[in-house]
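Peer 1: Just dropping this structure here.
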Amino acid sequence: MTGLGMEWYLPVIWSLLLAVAIAMYVVLDGFDLGMGILFPFAASETEKDQMMSSVAPFWDGNETWLILGGGGLLVAFPLAYSIVMPALYLPVIFMLLALVFRGVAFEFRHVADTSRFLWNIAFAGGSTLAAFFQGVLLGGFVQGIKVENNAFAGGPLDWLTPFALLCGVGVVAGYALIGCVWLVMKTDGAAAARARARAKLLLPAVLVFMGIVSLWTPIAFPRIAERWFTTPNLFYLAPVPLLTLVLAYAVWRWLEKGHDNLPFFGVIGLFLLGYVGIGVSIFPYLVPPSLTVWETAAAPASQVFMLIGTIFMLPVILGYIAFVYWLFRGKVREGEGYH
Amino acid sequence: MLARIQFAFTVSFHIIFPSFTIGLAAYIATLELLWIGTGHERYHRIARFFTKIFAVSFAMGVVSGIVLSYQFGTNWSHFSRVVGNVIGPLIGYEVLTAFFLEATFLGIMLFGWNRVPRGLHVFSCVMVAVGTTLSAFWILSANSWMQTPAGHEIIDGVAHPVDWLAVIFNPSFPYRLAHMVTACYLTTAFVVLAVGARYVYSGRYPEDGRTMMRMALGLIAILAPLQAFIGDAHGLNTLAHQPAKIAAIEAHWQNEPGASGVPLVLFAWPNEAEERNDYQIAIPHLGSLILTHSWDDTFKGLKEYPRDERPPVAVPFFAFRVMVGLGIVMILVGWLGVFLLWRHRLFETDWYLAPLQHIWPIGFVTILSGWFVTEVGRQPWVAYGILRTADAISPVEGWAVATTLALFVFVYGIVFSGGIYYINRLIARGPQGSAVEPPEGVPSRPLASAHKATRAAINHPGE
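Taken in order, these protein sequences are the chains called E and D.
Mapping of the first sequence onto the UniProt record's numbering: residues 1 to 339, in sequence order.
Mapping of the second sequence onto the UniProt record's numbering: residues 1 to 463, in sequence order.
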């Protein structure tokens, strides 16, 4: 790249926007998928109702960020989209099917009587599998994709590695954690107490997964080691793991002290730090390890056209989403639903 | 081929739900506005009832829609690369302007009944309706561009946008949008009509059932014939831009030397191998009359196109006849119903009400037929004149596609039967208003309120 013209800035802006969309998705759908992962551990059917009511008004909007993630990749980086999707074909489809099950379970469970337990299973199973395959996708993406002539050139099971499976389990644990702290914030009584106890179990587990991934990636992928462990990068990047540890400790203290809201926002912070860590490892590659954001970018005219819309629409969207969260603020009491 | 079957399956499954929810959102918004405007608790009760059905259908639409946004890449990666610059932003705008709007305000619409002021609830319903319609706007723009591409240039085999207005408002888009949105309203109207007929016929919730029937019939009597005109205009537009599709729809192989005008083939068995129709029943000149609005003008027959640029004939030919046939049924049902309403006999005419309970799928079948006509008729192209379907496919091995196809059929089978089962259960439970309808009017004058409701339905069809 010579000169820093529009061809340089646009893909950078778009990769940041896409990163924001995916981060929004991971946090927002993270807690409602996590709530689904915790579903089988609920003590009673009323507690299940309470858990579901806590996310019912939001889940549709939360999953829309996933469409924006996929759509955004197509809009801004069609070449990357056309390589990543076939490469991760099976986990993408498995994740989508799992989301289908859990999505309809929200509504079906509400209408069902005798078959309700089936939709409980569909909801919990769908949520857990969707989280697992999102982790697998993350792993499959980080470990790299085989590309020849600007097209995917590997087999349908290339993604299936111990690293990807580990990421899958890690994401399940992470979503379960954010689901727990969501319930601490949004429910009361026995449900909240149980969620608080579980959060304290899950928090160390999630830290362990983050630690393993942080060590595994630089050992297995030299390009990532080079990014982190050379000067001066080392000094700029050192705060990321340090802040993670400090924040994890703070979340632990907040849970101990009985804070309701702080743990949730603390865990969001942990997620974002982990996310930044992954971003640092990968950027500027969009199809690691071969194609960068610039090589896969859409035509500038397409990126500009979409950027204009995004600049106007994103604040509006964030505004009315915030409004709905404010409208349904407060705790969902036991036996209370919005229906 | 498997990837095509899979996509056809998931997209056909998906389209059922939006075509219902676009109309239903508008209907619920209309009901709520009527509720605010007239204060009749009846409208509130019906709105609340259909909101529950809306929730189930919308959930199925959302989850099957998420699948599609990824299948462009998993199944059609080469398509994404070649036309992504043009199609991508249209889908992006759909997400930004429509999906977030409808998904977010849906939360208030479903769960806000006791939590927000009445005005805000009505506003949310209107926003959901606006969102679903905007969504139709963008996705149909993208689809129309694939049918009649405009405003782009091809550089190194990849489409680049030149003029966005020309891309969005490409030649077939206004016709397709009008045709599809009207189709959605008709589909919903027939579901509402069938539910209303079920209540009136069985004597459960007769008051609500009558309101549903009046509103639906008023809309159908106007929109069904209007749809015939829109469809005709759409057909002429297709003849101008995709003449091979029209030739396939009409199973028109060649203009006979010496004969003038194109006949209209009522029935035939298109024989693609020998390039002729078997068992043909045709009316001379009618084809010319419909498509060129003249007695003698002709249009190109299929034989004038090279074999590898012809669409398959049988699917567009038959699907088109199903669509038009059901459209005629819709017009007749609508007019007959309005006639009976006018003669004060609608709610007592059992021979009309009894079969009407089961008419709800008519719109869905018609819409699916219409999509088969236009999508199969576009073949062998995925983006007309730019990219062939055969070249658009992803480099994924056959067994992987076969596995996921089986999974899709399995999962969608469960979800679809579950959806139908639970929607039917909601209908069986019926509208249960928290408030009791205050007595209004006198039973001897049911027509006054009938006229009012019908007028209201006609005056606010788009809200």
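Note that CB positions come from ideal geometry on N, CA and C, so glycine has one too.
According to a CB-to-CB cut-off of less than 9 angstroms, which residues of the stretch 106-118 of chain D neighbour chain E?
Peer 2: Result list: LEU106, GLY107, ILE108, LEU110, PHE111, GLY112, TRP113, ASN114, ARG115 and VAL116.
Peer 1: Under 8 angstroms between the Cβ atoms of ILE220 of chain D and LEU165 of chain D?
Peer 2: It is not a contact, given that the beta carbons lie outside the stated cut-off.
Peer 1: Using 8 angstroms as the threshold, is the stretch 78-87 of chain E in touch with the stretch 281-300 of chain E, meaning 3 or more CB pairs across them?
Peer 2: Output reads yes: the stretch 281-300 of chain E touches the stretch 78-87 of chain E.
Peer 1: Is the shortest distance between the beta-carbon of ALA56 of chain E and the beta-carbons of chain D less than 8 angstroms?
Peer 2: Yes - at least one Cβ of chain D is within 8 angstroms of the one on ALA56 of chain E.
Peer 1: Please report how far the alpha carbon of GLY363 of chain D lies from the alpha carbon of PHE20 of chain D, in whole angstroms.
Peer 2: Approximately 9 angstroms between the Cα atoms of the pair.
Peer 1: Could you tell me if MET215 of chain D is buried or exposed, where buried requires 16 or more neighbouring beta carbons within 10 angstroms of its beta carbon?
Peer 2: Its Cβ being crowded by 16 or more others within 10 Å, MET215 of chain D is buried.
Peer 1: Roughly how many angstroms separate the alpha carbons of PRO171 of chain D and ASP163 of chain D, rounded to a whole number?
Peer 2: Between PRO171 of chain D and ASP163 of chain D, the C-alpha separation is close to 13 angstroms.
Peer 1: Could you tell me which residues DSSP pairs with PHE267 of chain D in its beta bridges?
Peer 2: PHE267 of chain D pairs with D:ILE281.
Peer 1: Output, in chain order, the set of chain A residues within a Cβ distance shorter than 7 angstroms of PRO89 of chain D.
Peer 2: No chain A is present in this structure, whose protein chains are E and D.
Peer 1: May I ask which residues mark the beginning and end of the beta strand (DSSP E) holding ILE155 of chain D?
Peer 2: Counting along the chain, the beta strand (DSSP E) containing ILE155 of chain D begins and ends at 152-155.
Peer 1: Assuming TRP216 of chain E is part of the alpha helix (DSSP H), what are its boundary residues?
Peer 2: Counting along the chain, the alpha helix (DSSP H) containing TRP216 of chain E begins and ends at 189-220.
Peer 1: Any idea which residues DSSP pairs HIS160 of chain D with across the strands?
Peer 2: Answer is D:GLU153.
Peer 1: For HIS344 of chain D, count neighbouring C-beta atoms within 10 Å of its own C-beta (all shown protein chains included) and say buried if the count is 16 or more, exposed if not.
Peer 2: HIS344 of chain D should be labelled exposed.
Peer 1: Assess, as a yes-or-no matter, whether the stretch 242-259 of chain E is touched by the stretch 99-107 of chain E under the definition of 3 or more beta carbon pairs within less than 8 angstroms.
Peer 2: Not touching, per the Cβ criterion.
Peer 1: Could you check what DSSP says for TYR285 of chain E in three-state terms: helix, strand or coil?
Peer 2: In the structure shown, TYR285 of chain E sits in a strand (DSSP, three-state: E or B).
Peer 1: Name the two residues that bound the continuous beta strand (DSSP E) containing VAL382 of chain D.
Peer 2: Counting along the chain, the beta strand (DSSP E) containing VAL382 of chain D begins and ends at 381-383.
Peer 1: Whole angstroms are fine: how far does the CA of GLU41 of chain D sit from the CA of PRO438 of chain D?
Peer 2: With a pLDDT of only 37 at PRO438 of chain D, under 50, the local geometry of the prediction cannot be trusted, and the value read off the model is given with reservation. Distance between the alpha carbons of PRO438 of chain D and GLU41 of chain D is about 8 angstroms.
Peer 1: Under 8 angstroms, with one C-beta from each stretch per pair, do the stretch 144-162 of chain D and the stretch 100-117 of chain D reach the 3-pair mark?
Peer 2: Taking 8 angstroms as the limit for Cβ pairs, the verdict is that the stretch 100-117 of chain D does not touch the stretch 144-162 of chain D.
Peer 1: Against ALA298 of chain E, what residues of chain D qualify as contacts under a CB-to-CB distance less than 7 angstroms, listed in chain order?
Peer 2: Ordered by position in chain D, the residues that pass the 7 angstroms Cβ test against ALA298 of chain E are GLY84, ASN85 and GLY88.
Peer 1: Apply the 10 Å Cβ neighbour rule to MET6 of chain E and answer buried if 16 or more other Cβ atoms are within range, or exposed otherwise.
Peer 2: Exposed.
Peer 1: Could you compute how far the alpha carbon of ALA435 of chain D sits from the alpha carbon of TRP381 of chain D?
Peer 2: Interpretation of ALA435 of chain D is limited by its pLDDT of 38, a score under 50 that renders its predicted location unreliable; the figure taken from the coordinates is listed afterwards. Rounded to the nearest angstrom, the two C-alpha atoms are 56 angstroms apart.
Peer 1: I'd like the list of long-range same chain contacts for MET127 of chain D, defined as Cβ closer than 7 angstroms, with 5 residues on each side in sequence excluded.
Peer 2: Excluding positions up to five away in sequence, the list reads LEU101 and PHE105.
Peer 1: Could you tell me which whole beta strand (DSSP E) segments of length 3 or greater appear in the stretch 86-127 of chain E?
Peer 2: Runs found: none.
Peer 1: Count the other CB atoms, across all protein chains shown, that sit within 10 Å of the CB of MET35 of chain E; report buried if there are 16 or more and exposed otherwise.
Peer 2: By the neighbour-count rule (16 or more Cβ atoms within 10 Å), MET35 of chain E is buried.
Peer 1: Scan the stretch 95-108 of chain E for residues whose Cβ lies nearer than 8 angstroms to a Cβ of chain D and list them as they occur along the chain.
Peer 2: Listed by position along the chain: LEU96, LEU97, LEU99, VAL100, PHE101, GLY103, VAL104, PHE106, GLU107 and PHE108.
Peer 1: Could you tell me the boundaries of the alpha helix (DSSP H) in which PRO18 of chain D lies?
Peer 2: Residues 2-38.
Peer 1: Taking the straight line between their C-alpha atoms, what separation do you get for ALA112 of chain E and PRO232 of chain E?
Peer 2: When rounded, the distance between both Cα atoms is 60 angstroms.
Peer 1: Can you give me the C-alpha to C-alpha distance between ARG194 of chain E and PHE117 of chain E, rounded to a whole angstrom?
Peer 2: If you take the alpha carbons of ARG194 of chain E and PHE117 of chain E, they lie about 21 angstroms apart.
Peer 1: Applying the 10 Å Cβ sphere with the 16-neighbour rule, what's the burial state of PRO355 of chain D?
Peer 2: Burial call: exposed.
Peer 1: Hey, THR97 of chain D and LEU134 of chain D are a contact pair by Cβ (cut 8 angstroms); roughly how many whole angstroms apart?
Peer 2: With 8 angstroms as the limit, THR97 of chain D and LEU134 of chain D qualify as a contact, their Cβ atoms being about 5 angstroms apart.
Peer 1: Between HIS121 of chain D and chain E, is there a C-beta pair that is closer than 8 angstroms?
Peer 2: It does not; no Cβ of chain E falls within 8 angstroms.
Peer 1: Can you tell me whether DSSP reads VAL293 of chain E as helix, strand or coil?
Peer 2: Three-state result, VAL293 of chain E: coil.
Peer 1: By a C-beta neighbour count over all protein chains shown, 10 Å radius and 16 as the cutoff for buried, is PRO18 of chain D buried or exposed?
Peer 2: Buried, since its Cβ has 16 or more Cβ neighbours within 10 Å.
Peer 1: Please say whether HIS285 of chain D and PRO263 of chain D have beta carbons closer to each other than 8 angstroms?
Peer 2: In this structure, HIS285 of chain D lies closer than 8 angstroms to PRO263 of chain D by Cβ.
Peer 1: Grab the span of the alpha helix (DSSP H) containing SER54 of chain E for me, first residue to last.
Peer 2: From DSSP, the alpha helix (DSSP H) with SER54 of chain E extends over 45-55.
Peer 1: Under 7 angstroms Cβ-Cβ, which residues of chain E neighbour TRP164 of chain D?
Peer 2: Simply PHE305.
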